[in-house]
Every structure is written in C-alpha cells, then in structure tokens.
Amino acid sequence: MRIGITCYPTYGGSGVVATEIGKELAIRGHEIHFISYAIPIKLDATSEGIYFHEVEMLNYPLFEHPHYTLALATKMADVAVHHKLDLLHVHYAIPHSVSAYLAKEMLRPRKIPVITTLHGTDITLVGNDRSYLPITRFSIDRSDGVTAVSEFLRKLSSQEFALQKPIVLIPNFVNCDVFQKTQDANHRKKFASADEKIIVHISNFRPVKRVTDVVEIFDEVRHHLPAKLLMVGDGPERYNAECLSRNKGLSEKVVFLGKQDSVAEILSVADLLLLPSENESFGLVALEAMACEAPVVASKVGGLPEVIREGIDGYLIAPKDIKAMASRTVEILSDPEKHRKMGINARKFAMEKFCSTKIIPLYEEYYHQIVNLNQ
Ligand code: GMT
9 MRIGITCYPT YGGSGVVATE IGKELAIRGH EIHFISYAIP IKLDATSEGI
59 YFHEVEMLNY PLFEHPHYTL ALATKMADVA VHHKLDLLHV HYAIPHSVSA
109 YLAKEMLRPR KIPVITTLHG TDITLVGNDR SYLPITRFSI DRSDGVTAVS
159 EFLRKLSSQE FALQKPIVLI PNFVNCDVFQ KTQDANHRKK FASADEKIIV
209 HISNFRPVKR VTDVVEIFDE VRHHLPAKLL MVGDGPERYN AECLSRNKGL
259 SEKVVFLGKQ DSVAEILSVA DLLLLPSENE SFGLVALEAM ACEAPVVASK
309 VGGLPEVIRE GIDGYLIAPK DIKAMASRTV EILSDPEKHR KMGINARKFA
359 MEKFCSTKII PLYEEYYHQI VNLNQ
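When you line the sequence shown up against our numbering, it's residues 9 to 383, in that order.
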C-alpha cells in the first residue's frame, strides 16, 4: 500500500509511535510518505520505501498566526494525488485530523480514506478544552477509521465525544530487539558506580508528568540505598526539578541528560523506571523500560494498568503518593531476587503482548478494512 503518515516530528510518544509504524511498514514492503513540518526525529528519510514531504508555510504580514492546518491539508492533498496514496493515517487528532478531513474533501470525487489515531492529551487535555472540543469531535467523527492506543483511551474518547463511530484499540508497541537490558558492564559504568542502583525517568517534563515528584521520591529512596537518578527529556518543569534537586543537595546524584536520541541505550542500564504522572493514556516509556527488564513504579491512572501488572512487573500507586512510591521503589531495589523476577516478568509481558511484530499486522489489517469499505 501507499500510506501517508502525519505526526508531530518532535520528541514525544505519539511521534515515536507514528515513526516506528512507518519504518516497520516500509520494511514490510509498503511505500510510506511522512508529511509534517520537519523530519520526525527518529526517521531516516533515506531508507528504502520512506519519503518525507515538508509542509511549507506562507508568511504574510496580515497572518499574525501561522496557518499550519491549511498548509498541511494542501500538502496532504498534493502528496495523495502525486504519489497515489491509498490512505492517510494521522497521529494526534489536533490539528492533523482536521487537515486530513480538508484534504479528503478537496480531493473529491476521488476517495482517500483517513485514519486518526488518538494518543492521549488530544482527548484528555487539549481536545476537551471548550475552544477545541467541537472541531476535534467533528474531525474524529469524519475520519473513516479511528484507533486509540489503550482501552482506557478508547472508552474515554467514545464517552467524552459521544461518538457514533466505533474506535478500535490498537495498543502501542516496542521493538524488543532494540530495547534490551545491556550485557556490557562498561556501559553501566558510564552512568553509576557498581554499588549504585540506576533509577530512570523519561518524559517531556510537562506538568502532567509530575517531574518534581520524581526528585522527591528519589530523595526518600537515597536514605535507604545508594542510587543515581537519570532524568531524560526536557520541558517546562525541568527548571523546577533541577532547583529542587539542588536544594536537596542531590546535584551529584541526579543527572539531567536533556533530550536524548537513543532512550534504548539509557533504558538498557536502568534498574527501575519512575513514572508518577497525573495522567497517562498508555505510557510508552513504561513499556520500553519493561522490555529492558526494568520494573516500573508508576501512578495508577489512565492506561498504565493495561501496561504494568501490579506486583508482577512493578507497582501502581495513587498519583502524588510520594511516600508509597518511594517505599515500593526501595522494596524492589533492595531485594535482588524480587528485582530480577519482576524484570523478567516485565520483558516477557512486553514481548508477548506488545511486541511490534504482533501490533504492526493489526494496523495493516485495519488499513485494508478501511480501504475496502471506501471503495
Ligand atoms: O504527553 C503528551 O502530551 C504527549 C503525547 C505524545 O504525543 O507523546 O503522549 C501521549 O501519547 C503517548 C503515545 O501514544 C502515550 O504513551 C502517552 O501516555 C500519552 N500521554 C498522556 O496521555 C499524558
């Protein structure tokens, strides 16, 4: 098939998922056309079967705000015609499903089916804001197919948007060959000394991630065992988290690594992942850590209980309960047998339920179904 994929090209789960889908589909012989304002960070646009089309914006003094939605729609229609696309698959509803709807209408009577994949905050935070709700609901409803990355998000989207259209669950996935625990002791040494446990947090440092809680939890944990905290990513809460860590005298033990191209390399040395988010529709990074045999201590919110099994791959705790999160972290890290078992369980679950080899065919089947319905 010839598939157009649109996503945010920056760091973030939805862009990573979209990029990985495109890469895996190209390996399976499909022709993939990414359409966005920049090359997605994890994309090699010189790979076989992968093409990138940059959305260019017109600047004119009258336009105080950029018209990305329109420019994207125009580019989608252009690529669809000139590269004979079979469908457009957009990730994150806002504004991508609106642009796709416009492109589809522009191309009539030619039919180009549109699939929207909902990722989380496009429904839970931005999508249900009064300023965006009607257009988000409209564009999701006009998509020919809609998928959500967790059962939590599938149900919530149907309810919040009172959609007639069925939303199909296709969960996020991980490439278990790329995400693996390292066997190289020297790689671990780059981050911590032999007696220190390595705790990792990875996010976009937005308020919803509660990054200062991560520092608070680590502070408690440090009273019980030697450890290092690797903070990966960047965003509005980074400064607060850095200040808190300095004020607590933890500067030597908390390392802010910023945005990283290869989170797999960091997770390969992780002993545990902390994800105390206020909400999380799926929590892709939890799955990636699990594939690397790192148990996860996370909030019991959103789609996280679909990814992490309580007491088996980690622990799920009410958000903001820093004491309980710290105590479970110490419990896992101070019991080598429990730590090992949880890590093995986590990788096994990731491989059995969320391996890319199992999930990508679900997208292929869904594409065929939607294209056939539109013929
Ligand atoms: O967190 C965000 O605002 C960004 C968004 C994204 O684009 O990365 O994250 C959402 O999509 C990810 C990929 O499907 C999920 O793993 C995240 O759980 C989800 N974030 C939230 O629900 C907060």
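Backbone N, C-alpha and C define an ideal beta-carbon position, used for all residues, glycine too.
Practice problem: Check each candidate in 311, 281, 312 and 273 and name the one with the smallest Cα separation from residue 351. | Solution: The sequence position of residue 351 within the sequence shown is 343, counting from 1. The candidate whose alpha carbon is nearest that of residue 351 is 281.
Quiz item: Just reading off the beta strand (DSSP E) that residue 264 is part of, what are its end residues?
Solution: The residue you call residue 264 lines up with position 256 of the sequence shown. From DSSP, the beta strand (DSSP E) with residue 264 extends over 262-266.
Quiz prompt | Cutoff 6 Å; reference residue 94; Cβ partners in own chain excluding five residues on either side | solution = Taking the first residue of the sequence shown as 1, we reach residue 94 at position 86. The answer, listed in chain order, is 9, 10 and 379.
Self-check item: Residue interval of the beta strand (DSSP E) (run including residue 14)
Solution: For the purposes of this step, residue 14 is taken as the residue at position 6 of the sequence shown. Start and end: 10-14.
Quiz item: Which residue or residues does DSSP assign as beta-bridge partners of residue 206?
Solution: For this step, residue 206 is matched to residue 198 along the sequence shown. According to DSSP, which records beta bridges pairwise, residue 206 is partnered with 236.
Self-check item: Element boundaries [beta strand (DSSP E), containing residue 125]
Solution: Along the sequence shown, read from residue 1 onward, the residue named residue 125 stands at position 117. Start and end: 122-126.
Quiz item: Which class does residue 20 belong to by DSSP, given the choice of helix, strand or coil?
Solution: If you number the sequence shown from 1, residue 20 lands on position 12. In the structure shown, residue 20 sits in coil (DSSP, three-state: anything other than H, G, I, E or B).
Quiz item: DSSP on residue 93, reduced to helix/strand/coil?
Solution: The residue given as residue 93 occupies position 85 in the sequence shown. In this structure, residue 93 counts as coil in the three-state DSSP scheme.
Self-check item: Beta-carbon spacing of residue 300, residue 276 below 7 Å
Solution: Locating residue 300 in the sequence shown gives position 292, counting from the first residue. Locating residue 276 in the sequence shown gives position 268, counting from the first residue. It is a contact, given that the beta carbons lie within the stated cut-off.
Self-check item: Best match in 361, 383 and 339 for proximity to residue 178 [C-alpha to C-alpha]
Solution: As a working mapping, residue 178 is identified with position 170 in the sequence shown. It is 361 whose Cα lies nearest to the Cα of residue 178.
Quiz item: Rounded to the nearest angstrom, how far is the Cβ of residue 102 from that of residue 140, given a contact under 8 Å?
Solution: Sequence index remark: in the sequence shown, residue 102 carries index 94 (1-based). Sequence index remark: in the sequence shown, residue 140 carries index 132 (1-based). So it is a contact: roughly 6 Å between Cβ atoms.
Exercise. May I ask you to check if the CB of residue 292 is nearer than 6 Å to at least one heavy atom of the ligand GMT?
Key: Start at 1 with the first residue of the sequence shown, and residue 292 comes out as number 284. Result yes, Cβ under 6 Å from the ligand GMT.
Self-check item: beta-carbon residue 183 near the ligand GMT non-hydrogen atom, thresh 6 Å
Solution: What you label residue 183 is simply residue 175 of the sequence shown in a count that begins at 1. Not so, every heavy atom of the ligand GMT lies at least 6 Å from the Cβ.
Quiz item: Where does the unbroken alpha helix (DSSP H) through residue 362 begin, and where does it stop?
Solution: For the purposes of this step, residue 362 is identified with residue 354 of the sequence shown, where counting begins at 1. Here the alpha helix (DSSP H) through residue 362 covers 344-362.
Practice problem: Within 10 angstroms of the Cβ of residue 169, are there 16 or more other Cβ atoms? Answer buried if so, exposed if not. | Solution: Counting from 1 along the sequence shown, the entry for residue 169 is found at position 161. Buried, by the Cβ-count rule.
Practice problem: Note down the Cα distance separating residue 194 from residue 266, rounded to an integer number of angstroms. | Solution: Along the sequence shown, read from residue 1 onward, the residue named residue 194 stands at position 186. Along the sequence shown, read from residue 1 onward, the residue named residue 266 stands at position 258. Just so you know, the alpha carbons of residue 194 and residue 266 end up roughly 22 Å apart.
Exercise. Alpha carbon to alpha carbon, how far is residue 49 from residue 187? Give it in angstroms, no decimals.
Key: Walking along the sequence shown from the start, residue 187 turns up at place 179. Walking along the sequence shown from the start, residue 49 turns up at place 41. Each residue's Cα considered, the two are about 18 Å apart.
Quiz item: Since residue 44 is in the beta strand (DSSP E), which residue starts that stretch and which ends it?
Solution: Working through the sequence shown from its first residue, we reach residue 44 at position 36. Element bounds for residue 44: 39-44.
Exercise. Drop a sphere of 10 angstroms on the beta-carbon of residue 73, count the other beta-carbons inside from all chains shown, and report buried for 16 or more, exposed for fewer.
Key: Residue numbering aside, residue 73 sits at position 65 when the sequence shown is read from its first letter. Under this definition residue 73 is an exposed residue.
Quiz item: Apart from the five residues on each side of it in sequence, which residues of its chain come closer than 8 Å, Cβ to Cβ, to residue 115?
Solution: Taking the sequence shown and counting its residues from 1, the one referred to as residue 115 is at position 107. Cβ within range, chain order: 85, 88 and 89.
Quiz item: For the region 332-341 against the region 50-60, are there 3 or more C-beta pairs whose distance is under 8 Å?
Solution: no
Quiz item: Using CA coordinates, which residue listed in 190, 182 and 332 is at the minimum distance from residue 226?
Solution: As a working note, residue 226 is residue 218 in the sequence shown. Looking at the Cα atoms, 332 is the closest of the given residues.
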